[in-house]
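Numbering (my numbering), first residue to last: 840 to 1152.
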């Protein structure tokens, strides 16, 4: 799987590898070169740490993750204060972890203590922008749209390529990892997609985007057999509009074929006739489809409006 995808969270990007690792340890003797001189080109984060410091062990992986995701727009050096006491004293380091950021030879930002990942990400992104780097948001958005369009047309190879482009710009993009899982499901099957998801960190595997992707993969699995029965299901429902199981199965088949609006309307009609049939099975199926389509899909938005209007009328 790794050979197919070529990217995993926390892995250094190709650009970073080409330029050398943006993260290193430094010392009093090398501080001027590694920080003051290096920061003439890009911002340099200096993490003052110690082997005995518990919060440092939490913070360091987060800093490294987002520095690498910046793809060379930011560098980072780590300073062991036990081994570099004079340097720590000169910079008035009173506790660890303490983080300073240097740009063009002078300190420009910093914080103390183990902070949440969201704050670390914001800190690194701000520095990347300061140095003229950072994520190309326009390129990311264009590639995400291309990937989603490829998924809609069942073009697994095209989707895979588009989402890899996203990750070449932003290795922390959760929507791109969810898109990769969907692309792998098209190319290699649901189990391969679940294997990929299982290899990801919880932050990616448990994201709302990934949950939607998993729902879409399950939708495709559940729809496979019903699509062949589309015409008989339509005939059953036409013969008996109160055949709620036929309505649910027909909606499942339509959704699997990409006919989202028809699937939603079929279930809305069933709910309108008897919302409590089989403990609200039609409504439960409709919510499953919304999850699989994604919250931003037009069929989900219009379907939610129709369902609310029906339930609260």
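Just so you know, even glycine gets a beta-carbon here, dropped at the ideal spot from N, CA and C.
Identify the continuous beta strand (DSSP E) that holds residue i and give its terminal residues.
i	result
residue 1023	No beta strand (DSSP E) contains residue 1023, which is instead part of the alpha helix (DSSP H) from 1013-1027.
residue 951	945-951
residue 915	914-919
residue 885	883-888
Could you check where the alpha helix (DSSP H) with residue i kicks off and where it finishes?
i	result
residue 1129	1120-1132
residue 932	It is not in any alpha helix (DSSP H) - residue 932 carries neither H nor E in the DSSP assignment.
residue 1006	995-1008
residue 1060	1047-1066
residue 1139	1137-1150
residue 990	976-991
residue 879	Premise fails: residue 879 is in no alpha helix (DSSP H) and is neither H nor E.
Taking the beta carbon of residue i as the centre, do at least 16 other beta carbons fall within 10 Å, making it buried, or is it exposed?
i	result
residue 861	buried
residue 952	exposed
residue 1111	exposed
residue 1067	exposed
residue 903	buried
residue 882	buried
residue 1012	buried
residue 1124	buried
residue 1019	buried
residue 1115	exposed
residue 1134	exposed
residue 1099	buried
residue 1117	exposed
residue 986	buried
residue 1142	buried
residue 1032	buried
Tell me whether the beta-carbon of residue i lies closer than 8 Å to the beta-carbon of residue j.
i	j	result
residue 1085	residue 1075	yes
residue 1092	residue 1072	yes
residue 941	residue 866	no
residue 1051	residue 1130	yes
residue 1094	residue 1053	no
residue 946	residue 888	no
residue 1044	residue 1036	yes
residue 917	residue 864	yes
residue 1015	residue 1005	yes
residue 944	residue 1039	no
residue 991	residue 1017	no
residue 884	residue 954	no
residue 1103	residue 1065	no
residue 966	residue 948	yes
residue 1029	residue 1060	yes
residue 1025	residue 993	yes
What does a CB cutoff of less than 7 Å around residue i pick up in its chain, not counting 5 residues either side in sequence?
i	result
residue 989	997, 998, 1001
residue 934	951
residue 1151	none
residue 1149	1107, 1110, 1111
residue 925	867
residue 894	936, 952, 953
residue 901	956, 959
Identify the residues that DSSP records as bridge partners of residue i: which are they?
i	result
residue 942	945
residue 860	According to DSSP, which records beta bridges pairwise, residue 860 is partnered with nothing at all.
Which same chain residues, not among the five before or five after residue i, have their C-beta less than 6 Å away from its C-beta?
i	result
residue 957	none
residue 1109	1083, 1086, 1121
residue 982	1001, 1004, 1005
residue 1113	none
residue 1139	1129, 1132
residue 970	881, 882, 912
Tell me which residues share the same chain as residue i and place their Cβ nearer than 8 Å to its Cβ, disregarding the 5 neighbours each side in the sequence.
i	result
residue 814	The requested residue 814 is not part of the displayed model; the chain covers only 840 to 1152.
residue 906	861, 862, 884, 913, 914, 915, 963
residue 1146	1107, 1110, 1122, 1125
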